[in-house]
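I have placed the structure first, in the form of structure tokens, so that the comments after it can refer back to it.
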Amino acid sequence: MTQLKFGIIGCGRIAQRHAEHIQKVGTLVATCDIVIEKANDLANKYGAKAYQSENDLLKSHPEIDVIAVCSPNGLHAVHTISALKTGFHVLCEKPMALSVQDCGEMINVAEKSNKRLFIVKQNRFNPPVAAVKKIIEEDRLGKIFSAQLNCFWNRNNEYYHNSWKGTKSLDGGTLFTQFSHFIDLLYWIIGDVKEVNAYVGNYNHQNIIEFEDTGVIVLKFYNGAIGTINYSVNSFGKNMEGSLTIFGEKGTVKIGGQYLNELEYQNIDNYVIKDLPPGNPPNNYGQYLGSMSNHDKVYANVADVLTNKGVIATNGFEGLKTIEIIDKIYSSTKRL
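Using the working numbering, the first residue of the sequence shown is number 123, and each one after it goes up by one.
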């Protein structure tokens, strides 16, 4: 397999995970962060060159194949568009952007530039998630009646301290930063959302974050199914649960654990999901844990697509649909 060359824009915590897995499919050539010390630290670890300006990185390394955009949420669109226009493929971290309009522009620029736009949705690779997606595609659950999504995590004050996290302009909201993966799985497994009613409130992070820390949502899908989302970053002391329960005419399943990483319940007509491989551990960021660390599979897909004509796992359109659903939720919210 051809060894790909990568650059990283944004050298925070998730960039460490990207750099680790880049080594398995290619070479990290350059890093960039407005805090040059962060760019230097990552570059020195992997023998790359550090930059403080993304434009300097993009202009200095035409040999790079893929730019990994790991900057704050609110900068994903501008960094992705700059990289695409300069002639690079892009792997963009979640969320794709903070507006549907920006997502559409990113897709348009990718098409005009004839470059690939990959979106990180690593929870799709969780073994129980992939298994449930497969049985739904095989119609083993029959018509889907309803779904319940629970997202109960802990994000304490320290998490938001002295950070872009918690700001409306760069973070966007709890559904963007903490739970966009979960919204993506609702879309991917159940279908697109037609109608939304939601209540949100900030109960435990007043004067710390500029948006909600809790929400309750009722959804109606285009296929006729209904669903609920209950989410909070107020689980006391630690993350509690990330689960998706699906009720169909021929079966009921629940994917649970803290990160949608366990098959907690199944009762399916004449079928049993079995022999699931163990999943990867969650991303460990010291004081808190994030989603499942399936970035190895994300990078394997990038390499397969670019060197072996493989099928892209998550494209720009799917990234846009996640943002569209989040936008519907936030546009319909009644704040408490």
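No residue lacks a Cβ here, since even glycine has one placed at the ideal position from N, Cα and C.
Taking Ala252 as part of the beta strand (DSSP E), name the residues at either end of that continuous run. Note, Ala252: premise wrong, no beta strand (DSSP E); alpha helix (DSSP H) at Pro249 to Glu259.
So who's on the other strand from His211, going by DSSP bridges? Val188
Within 8 Å, strictly: CB atoms of Leu263 and Lys419: no
At what residues does the beta strand (DSSP E) containing Ser365 begin and finish? Glu363 to Gly370
Would the segment 297-307 count as touching the segment 336-355 if we require 3 or more Cβ pairs under 8 Å? yes
Since Ser454 and Ala320 should fall inside the 8 Å C-beta cutoff, what is the C-beta to C-beta distance between them, to a whole number of angstroms? 5 Å
Just to confirm before moving on: does the CB-CB distance between Val355 and Asp335 stay below 8 Å? yes
Residue range of the unbroken beta strand (DSSP E) whose run includes Glu384: Glu384 to Ile390
Minimum C-alpha distance to Cys273 - residue among Ile339, Gly209 and Ile186: Ile339
Just reading off the beta strand (DSSP E) that Phe298 is part of, what are its end residues? First-last for Phe298: Thr296 to Thr299, but that is the alpha helix (DSSP H), not the beta strand (DSSP E).
For Lys443, which residues of its own chain have a beta-carbon under 7 Å away from its beta-carbon, when the five flanking residues on both sides are left out? Tyr309 and Asp314
For Leu150, I'd like the list of residues in its chain whose CB is within less than 6 Å of its CB, leaving aside the five on either flank, ordered along the chain. Phe128, Ala141, Ile144, Tyr168 and Ala170
Taking 8 Å as the cut-off, decide whether the C-beta atoms of Ala269 and Leu366 are in contact. yes
Between Gln125 and Asn416, what straight-line distance do the alpha-carbon atoms span, to the nearest angstrom? 20 Å
Restricting to Cα atoms, I'd like to know which of Val433, Tyr452 and Val427 is closest to Val147. Val427
Would the segment 155-166 count as touching the segment 207-217 if we require 3 or more Cβ pairs under 8 Å? no
In chain order, each alpha helix (DSSP H) run of at least 4 residues that lies wholly inside the segment 263-351: 279-282, 296-299 and 302-307
Between Leu239 and Ser175, what straight-line distance do the alpha-carbon atoms span, to the nearest angstrom? 21 Å
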